[in-house]
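Everything below concerns the one structure shown next.
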């Protein structure tokens, strides 16, 4: 929902006219990034979550989830994810405040989520001015008033009593035993398609046209042949919302001892309301046995709890290897098909993962690298390979198209983007007989005037180019599969490459930061994190030299220990075998 105060861009333009600009982190000469959303060694998120919802408040909800095992632990997971979700904005403010320690700063938060902000720098004061919440509240009250008037009118017309109405079923009762729960449809941008769970057999329950799909982000169906349900588009009864809210608040209010507890209670009440609506919607699908979860850390926790309450087993595949290093994300699952035992152990120690069973299977997209190796290289690599050049694939971060978005981002801003381009140009000049292909999530940024000069420079060079082919999925995997070295901003594709034996060096610095990821993801003893150009140059030369005694032990450790030796091209088969076993 767009804010009543206008879009972000409109507000940014209006504020700039009176001299107020987005926090210009990209303009700082140097600042230390300690992203608390990456790791939380001091357990601050746990402490803050417990201050909002202590154990006695959580225990009050035990009876409201009679079919959910260990619900107190799971609600604590939900609370911790909610609390830690605010830390990114706090981190941005702290970066600026610590770069200017002699100044006093006021952090104005425009909605009630600011009440969850904590761990601000000592020279920062928090002021919550819920303008967005106020105007949205007015709109909500007006909408509720209209609903009430319509309900009263309808009741008087029928000359009956005012009854609580149930939300309509999503569709006719389905006989499906398995559902694929998607986040924003079946495509991940232009990079790849979400075909992991599909079977090619036309008679299989897992065939795309036979499989039921739930999408909670309201993305429309990509095809009329697919059984597709947008969960968020279903109407919600005002009276039921009010009833469930009062039930939840009534349960916990007697346990409230501080003002902070009221905030926690309201969060828990909202979770319960969503849980009840999801549970009621699932009644239309009594035969469901298994829910396959896409991008597990983004799936709404109330929906996952609703599946459990209906005795529907939830299964997810680890989407990103480094996600367990984020203290602000987590999930609630029956079975987690994870990347490795190493990753499973990290999650077992985490307070934001509530999982019954971890089953290491590998990183599923790594199969595409094995498959691509068996095919001819992409056309862009044919000439340099024929010339005997060493191929380097450089995977950069995307950047924003609007000035107001770029300034406040520590690593996705325009200056950081230009810095990576300049570094790759320099590398192409410093290492003999190489060919560098720059590859991004998208290339919309090529149209920005600020990059026109550097793009023109790259186009004039013979041993570096920008890949602009997005006609089909997994092109990035085809490129990496035929490379001698991958240099990357931290990305899951880098982990997938190393799991199958492709050397990777992570470019973990910008024009004004360094060790952004290394502080959270401990890759020791492997020397894959580069914190300056000299380290990058020296290690790239070593890898390309083929010296087996130099960095090979580093990559062997990662491949066999961190990634569990599961990058064998059979990850998809292991996943399918497990799912099939559930449907016998």
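Residue numbers (my numbering): 4 to 587.
Glycine is no exception: its CB is placed at the ideal position from the N, C-alpha and C atoms.
Quantities reported herein were computed from a predicted structural model and do not represent experimental measurements.
Restricted to the region 445-493, the beta strand (DSSP E) segments that are unbroken, complete and at least 3 residues in length are 467-469, 488-491, listed in chain order. Residue 352 carries a coil assignment under DSSP once its states are collapsed to helix, strand and coil. In the three-state DSSP reduction, residue 228 falls in the coil class, being neither helix nor strand. In the structure shown, residue 363 falls within a strand segment according to DSSP collapsed to helix, strand and coil. DSSP places residue 247 inside the alpha helix (DSSP H), whose first and last residues are 241-255.
Note on geometry: alpha-carbon atoms of residue 83 and residue 315 lie some 25 Å from one another. Around the C-beta of residue 97, 16 or more other C-beta atoms lie within 10 Å, and the residue is accordingly described as buried. In this structure, the alpha-carbon of residue 463 lies about 59 Å from that of residue 288. By the CB criterion at 8 Å, residue 281 and residue 251 fall outside the cutoff.
Judged by pairs of C-beta atoms under 8 Å, the region 507-516 does not touch the region 340-353, as fewer than three such pairs exist. Shortest Cα-Cα distance from residue 33 to any of 515, 524, 520, 575 involves 515. Closest in C-alpha terms to residue 185, from the list 232, 155, 148, 226, comes 232. Residue 402 carries a coil assignment under DSSP once its states are collapsed to helix, strand and coil. The shortest C-alpha to C-alpha distance from residue 11 to any of 409, 450, 503 is the one to 409. Annotation: the region 54-112 contains the following complete segments of the beta strand (DSSP E) (minimum length 3 residues), in chain order: 108-112. Ranked by Cα distance from residue 538, the first of 517, 552, 523, 522 is 517. For residue 454 and residue 202, the gap between their C-alpha atoms comes out near 44 Å. Of the candidates 477, 532, 451, 474, 532 places its Cα closest to the Cα of residue 490.
In this structure residue 427 is buried. Its beta-carbon is surrounded by 16 or more other beta-carbon atoms within 10 angstroms. Under the DSSP definition of a beta bridge, residue 152 lacks any partner.
With contacts defined by Cβ atoms closer than 8 Å, residue 55 and residue 253 do not form a contacting pair. Between the alpha carbons of residue 307 and residue 99 lies a gap of roughly 38 Å. Counted as a single uninterrupted DSSP element, the beta strand (DSSP E) harbouring residue 442 occupies residues 437-442.
The beta carbon of residue 457 lies closer than 8 Å to those of 421, 424, 425, 428 in the same chain, with the five residues before and after it left out. Nearest in C-alpha terms to residue 124, of all of 116, 152, 114, 90, is 90. The region 216-223 makes no contact with the region 191-202: fewer than 3 CB pairs, one atom from each, lie closer than 8 Å.
Within a 10 Å sphere around the beta-carbon of residue 109 sit fewer than 16 other beta-carbons, which makes this residue exposed.
Contact holds between the region 355-374 and the region 563-577, because three or more Cβ pairs, one in each stretch, are under 8 Å apart. The Cβ-Cβ distance between residue 234 and residue 218 falls below 8 Å. Spatial neighbours of residue 439 in its own chain (CB-CB distance under 6 Å, excluding positions within 5 residues in sequence) are listed in chain order as 395, 397, 427, 431, 467. The beta-carbon separation of residue 366 and residue 389, rounded to 31 Å, does not stay under the 8 Å limit for a contact. When the Cα atoms are used, residue 182 and residue 212 turn out to be separated by approximately 12 Å.
For residue 563, there is no enclosing beta strand (DSSP E), as DSSP marks it with neither H nor E. In this structure, the straight-line span from the alpha carbon of residue 470 to that of residue 442 is close to 5 Å. In this chain, the alpha helix (DSSP H) harbouring residue 420 covers 417-433.
Ranking 278, 126, 303 by CA distance to the CA of residue 70 puts 278 first.
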